[in-house]
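Okay, structure first, notes after.
Protein chains: 2
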Amino acid sequence: MAASDPTGGRPVDPSRGVLRPLGLAEARITAGFWADRQRVISEGSLDHARAWMDKVGWTGNFTIGAATGPAEHRGREFADSEVYKLIEAMSWETGRRADPARVREIDELVALVGGAQEGDGYLNTAYGRPGQAPRWSDLAWGHELYCAGHLIQAAVAHTRVHGPGPLLDVATKVADHVCATFGEDGSAGVCGHPEIEPALVELYRVTGQRRYLDQAALFVNRRGHQSLPQHQFGWSYFSDDIPVRAATVLRGHAVRALYLAAGVVDVAVETGDDELLRTVAAQFDRTLARRTYLTGGMGSRHMDEAFGDDFVLPSDRAYSESCAGVAAVLVAWRLLLATGEVRYADVIERILYNVVATAIEDDGRAFFYAHTLHQRTPTRSLPDDEEQLGFGGGPRAPWFEVSCCLPNVSRLLASLSTYLAAADDEGLRVLQYADATIDTRLADGRHVAVELTTAYPADGNVTIRVTATDGGEWPLTLRVPAWAEGATVTVDGVTSPASAPAVTVRRAFAVGDEIRLHLPVAPRFTAPDRRIDAVRGCVAVERGPVVYCAESPMDEPVGDLDRLRVDESRTPVDGADGVTVWAGFAASSDAGWPYDRPDGATEDPDLTPIRLLPYHRWARRGPATMRVWLPTVPSPRRRSTDG
Amino acid sequence: MAASDPTGGRPVDPSRGVLRPLGLAEARITAGFWADRQRVISEGSLDHARAWMDKVGWTGNFTIGAATGPAEHRGREFADSEVYKLIEAMSWETGRRADPARVREIDELVALVGGAQEGDGYLNTAYGRPGQAPRWSDLAWGHELYCAGHLIQAAVAHTRVHGPGPLLDVATKVADHVCATFGEDGSAGVCGHPEIEPALVELYRVTGQRRYLDQAALFVNRRGHQSLPQHQFGWSYFSDDIPVRAATVLRGHAVRALYLAAGVVDVAVETGDDELLRTVAAQFDRTLARRTYLTGGMGSRHMDEAFGDDFVLPSDRAYSESCAGVAAVLVAWRLLLATGEVRYADVIERILYNVVATAIEDDGRAFFYAHTLHQRTPTRSLPDDEEQLGFGGGPRAPWFEVSCCLPNVSRLLASLSTYLAAADDEGLRVLQYADATIDTRLADGRHVAVELTTAYPADGNVTIRVTATDGGEWPLTLRVPAWAEGATVTVDGVTSPASAPAVTVRRAFAVGDEIRLHLPVAPRFTAPDRRIDAVRGCVAVERGPVVYCAESPMDEPVGDLDRLRVDESRTPVDGADGVTVWAGFAASSDAGWPYDRPDGATEDPDLTPIRLLPYHRWARRGPATMRVWLPTVPSPRRRSTDG
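Here it is in structure tokens:
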């Protein structure tokens, strides 16, 4: 394969697949929900992250040993990777919106990073210097290949926005060093934290150098043979328990498993290995069916940041790391491009509205690391100048000792417009709904453009106006989410049913033609698979793609959410500032031992309207308790403790 | 206070309280459920633990630097404490049953330990030598005071069985060194892991030296002021978040919190601080009401081995460490002695039958560290010569990198007979039921003895025969467990109702008199407090003090326990080899996304008799899945995924 368009502005750019992704120049978000969040990243998060990385010494690490540099490495062993993710985010951001000052900042950061590269291409500020551990001495925990992967991804992003430059030179030297060290004739190791795999494939896509793809395939095939040391968390933590081709589900550390899955899709696509593609798709599908929260969040264990067993999805202490949300989008997007299965866009939408949108504070200067679905004790008030050591629990924090999530969410949001649509063999597919413009060439080279106007997700009506076409026939496909029962599409005054996963309008469009998609977003109850013990006897409320929650801020308490009981027989309705359900608070006493004979009676609290708010809006009104899953009435009553 | 009887053989020997504990010579278990387990410890666990401690170098650590000793410390920083707990277990065991060979083994171990003591009394094999961290350089994680505490407890046990000897000398030197280092004029620190607190009070009780009590009180009062370093787990991990007197519930690392609570009771009792006693009792009571599993197990979080928030009690991934069970018995026993509230004996019984009895393999040579209540994937087969690095998940393992649980359970079981009964102001209280003899003096000095005969807990009939008395009147009090509805007591052919927590028979007993207690142990359903989300819509089955479970061994599968549904309307009944419930398996399919609109239908699987077995018997038939809490039918059905 020849190198793909080096400046296409596409986060992922496979050489084959059912869908062809669009670049930043081809898809733009112009207003609305996501434009607001892109602005928060642009005006808040990028500077905030940079300031903290300077403050805690992560940028300074690149000048260790220099005259003005620090004497010792600061931060965790993977701190370099956060700087790289920030450069990646800034690169997409400068492709999204011209910003010469930011471009100069990137250039300065690139110079800083490049200055730390060794003559043989090695680049990591935590290893190999006097007093540091030797290079590659701790593949399981050292994160060296992981950091190299994020450096490569930053270079790929920068190249796809600004063309080849110094960062690509740095990254190719790193990649060549990796290939020399870990190639067929080198060390047979893998990194404890996958990331180098998708990065090397993207570098192959940018440079056309087959050796990077081969090295990525080597890493994929080497994993799963328990070559990493035994550990308390087991080999599954590293996805090193069984070979990728033998696994049936994602397991272990969620971000690691998902980054690996992204790399596996990339390797499968570029090497034409359809069996491998089917295998990783089946793993992801089973993960969605059995190991994913309603929000699309993944990872249910705090200790090892890991997937639980099938159906182990506790609401309280849900881990659902922001980075796992980002990583799951990366996997779903790759599978969507490779297979054309629009249902993967449903997954992306769910994660975006319920994990990604939840992660970031309104000013972009604080963020969630983990995303509980049930906050039993009120969130705390955190000082805005204090680094947090723990990752779980609310509220959003300005910085964590491990601050992967903010730059990770930033790189996704800065490039978000490219997830809106894709081209297929004949036409255009609109995959996400926002005020946006899409302007591209179809597979046969024809220029087409559409403009999307909508108040989505508040409202389910989307108007798609054709703004460029050559008058010939082409198909316009619109995703219909699985939840959108009763959806319709209106063309030329004719309204037709539109059922999931998509509706296609094929005609000789004229400029000015309007297609109107109606997606019913009325609030609805959702029940869990009965095998999910943690939320048995509960319902959740969703409205369109948005998961809702009950929140009880300390300033304006709603009540003891542990005792909230919702009437499942009365449909939730839209209210002035949220969704209303009918619910009450079950009686309870503290009679001591909390287990007793059942008495068969039912609870019947007085029911009143209770307002729910979008889950992504929680923890924005000061300390609060919160729950997504709402126990229903009636339910069996214990004999003595209650009533 | 003068020193108490130094050879009374009592694990806890308070100078005041409503009840006076009995010693090993006064209460003996002669046959039955617990006699079997004491034999397993005696014939299996003690030698097994000793062999492993030799193999992994923990005993060898005491000869570091000696001519034939190892060059470096092996094992975790608290490995010394396991040797001490083993010496304590062996000491009780030699009080329970004469065993000259074991006595010699103890003497050898004591000589080994004593040989490592420094001239100033300091004794810890992991600190202070060349190449090791300095003494007291890491109070948070170093476990030095914790190890000193277990050494003191071993010396107290040995002294109470065999009288003062070399180990007591070693321990008092250690304690004096601790007092000199951490006294009023010394370092104001506390240990990250409590244990020194109850140990110093017991040493005070043995020696009469007030300085040990004062030092324990100092440690108790110092804790809770965030003097330990900030950590990812928070100060609550060390119970160092708020002062003991301000806390309302146990929190953080469960074993740490419980050992501290034991020490707090001891300090409160010996200093006459009734307010402190009420405070710690209230903390424990609230912990029982909101943070304790049905089994009596405590600790619901793997990451920090910690209590969860109120009502966060997941069945799968329950932590419920064996050591937390032992520690909770120590707290409950102290509160029972101090307050005379018999309900604490209910707690002890629950923990004994469902945590302690579950912990140990039938041959005593493997054990659980954590106790899940729901095993979703089959337990593994473990080699019997391999140390396990992880603590959670089944099955019982021969050894763990952290092997606190086996010696801890051993020291409790070896001294278990002393928990059977206690003396009150006037008479005798029988607190646990087993084939046993109790032979003691009442408060007024009269000699009384009774013999208990029972098949408990298989059968709920207990005969108490008076075997010694002086013919005068005295009250015999028998505990009636809270679950024992319909209990009766029969004296002289007259049967009367006996209600919880206890029934008292007061008369001028004659030798040969028999009192018959009848505790209905018929199987029963138990429902959880509705605020425990993890088991909403489920019931458990208990029979007497024993919690039951459904187990599906791979060799003889019962079915997919994730789909098991029990008919709550049909009372469970005793069967030939277990308890039978009527249950079926709900239909389910894997349609993909596991959340969908509720459809209001109910599930009605075909119901057949399903056998349950005692939870303490699980994981003894090879790899298996298991669950304690059983979802009930009917329950609301989701629309599309099921059926």
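As you go down the protein sequences, you meet chains R and G in turn.
Throughout the first sequence, residue numbering follows the working numbering, covering 20 to 662 in sequence.
Throughout the second sequence, residue numbering follows the working numbering, covering 20 to 662 in sequence.
Here a beta-carbon is modelled for each residue, glycine too, at the ideal position from N, C-alpha and C.
Computed from a prediction, not measured in an experiment: that's the story for all the values here.
Residues of the segment 586-618 of chain G with a C-beta less than 7 Å from any C-beta of chain R: Glu587, Ala605, Ser607, Asp609, Gly611, Trp612, Pro613, Tyr614, Asp615, Arg616 and Pro617, listed in chain order.
Annotation: the segment 178-237 of chain G contains the following complete segments of the alpha helix (DSSP H) (minimum length 4 residues), in chain order: 185-201 and 215-226. Shown here for R:Thr358: same chain residues with a beta carbon closer than 7 Å to its own, the five before and five after excluded, namely Val37 and Ala300 in chain order. DSSP links G:Phe81 through a beta bridge to no other residue. Boundaries for G:Thr437: no alpha helix (DSSP H) harbours it, and the DSSP string shows neither H nor E there. A distance below 8 Å between beta-carbons, with the five flanking residues on each side excluded, links R:Gly147 to the following residues of its chain, in chain order: Glu137, Tyr141, Pro153 and Arg154. The way I'd put it, the segment 211-226 of chain R does touch the segment 171-181 of chain R; three or more beta-carbon pairs between them come closer than 8 Å.
Rounded to the nearest whole angstrom, the C-alpha separation of G:Pro40 and G:Leu439 is 9 Å. Proximity to G:Pro185 across G:Gly316, G:Leu170 and G:Glu91 peaks at G:Leu170, based on C-alpha coordinates. Shown here is that no member of the segment 132-148 of chain R has a Cβ falling below 7 Å from a Cβ of chain G.
The beta carbon of G:Gly409 falls within 8 Å of a beta carbon belonging to chain R, placing the residue at that interface. Secondary structure note for G:Val274: its alpha helix (DSSP H) is the uninterrupted segment Ala273 to Thr290. In summary, G:Val592 is exposed, with fewer than 16 beta-carbon neighbours lying within 10 Å of its beta-carbon over all protein chains present. Counting C-beta atoms within 10 angstroms of its own C-beta, G:Arg56 has 16 or more neighbours from the protein chains shown and is therefore classed as buried. Straight-line spacing of the CA atoms in R:Ala194 and R:His466 works out to 37 Å. Within chain G, the residues Leu408 have their CB atoms less than 9 Å from the CB of R:Gln249, given in chain order.
Cβ-Cβ separation between G:His393 and G:Ser341: approximately 18 Å, too far for a contact (criterion under 8 Å).
Across the structure, G:Ser61 and G:Ala433 are spaced so that their CA atoms are roughly 8 Å apart.
Three or more beta-carbon pairs drawn from the segment 494-502 of chain R and the segment 516-535 of chain R are found closer than 8 Å, and the two stretches are therefore classed as touching. CA-CA distance, R:Val560 to G:Val428, rounds to 47 Å.
Ranking R:Glu112, R:Asp188, R:Gln245 and R:Cys568 by CA distance to the CA of R:Val598 puts R:Cys568 first. Around the CB of R:Asp365, 16 or more other CB atoms lie within 10 Å, so the residue is classed as buried.
Under the rule that a run must span 3 or more residues, the beta strand (DSSP E) segments found entirely inside the segment 500-585 of chain R read 507-510, 513-516, 521-527, 533-537, 543-547, 557-562 and 565-572. Legend: CB atoms of the segment 525-555 of chain R lying less than 9 Å from CB atoms of chain G belong to residues Arg543, Phe544, Thr545, Ala546, Pro547, Asp548, Arg549, Arg550, Ile551, Asp552, Ala553, Val554 and Arg555.
Interface flag for G:Asp625 against chain R is unset, since no Cβ pair is found closer than 8 Å. By the neighbour-count criterion, in which 16 or more other beta carbons inside 10 Å mark a residue as buried, R:Thr396 falls on the exposed side.
Ranked by Cα distance from G:Thr144, the options G:Leu247, G:Arg93, G:Ala108 and G:Leu158 are led by G:Arg93. The three-state secondary structure of G:Glu445, taken from DSSP, is coil. Of the other Cβ atoms in all chains shown, fewer than 16 fall within 10 Å of the Cβ of R:Pro628; this residue is therefore exposed. When only Cα atoms are considered, G:Ala643 and G:Met573 end up about 5 Å apart. Secondary structure at R:Tyr614: strand, using DSSP grouped into helix, strand and coil. In the three-state reduction of the DSSP assignment, R:Thr87 falls in the coil class, being assigned neither a helical nor a strand state. Annotated three-state conformation of G:His635 is helix, per DSSP. Here G:Gly282 really is in contact with G:Ala235; their C-beta atoms are around 6 Å apart, less than 8 Å. Counting C-beta pairs closer than 8 Å gives three or more between the segment 263-275 of chain R and the segment 317-337 of chain R, which meets the contact rule. At a C-beta separation below 8 Å, G:Leu632 has no neighbours in chain R, since its nearest C-beta there lies roughly 19 Å away.
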